[in-house]
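Presented below is the structure to which this report refers.
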Amino acid sequence: MAKNLVTSGINVNFSPVLDLLYGPETFIAQKRSIFSRIPAKAEESAQLFSRTYIKNPK
């Protein structure tokens, strides 16, 4: 994602937030802007995303 953003001339991170899903009616659920519903999986995915983004800043 980081490489695609830079290639497109966009320098803003549009990654999902690290919020957890607490109900289907919430904004987070409706926008599907989460890494996972499972806390440990969300943490793992967020760390991987962050490490990858840091390694590919341009």
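Each residue of the sequence shown is one higher than the last, beginning at 4 in our numbering.
Cβ atoms here follow ideal geometry from the backbone N, Cα and C, with glycine treated the same way.
For Glu28, there is no enclosing alpha helix (DSSP H), as DSSP gives it neither H nor E. Inter-residue distance for Phe38 and Leu21 is about 7 angstroms (C-alpha atoms, whole angstroms).
The C-beta distance from Leu24 to Arg40 rounds to 5 angstroms, short enough to meet the 8 angstroms contact threshold. Judged by DSSP in its simplified three-state form, Ile57 adopts helix.
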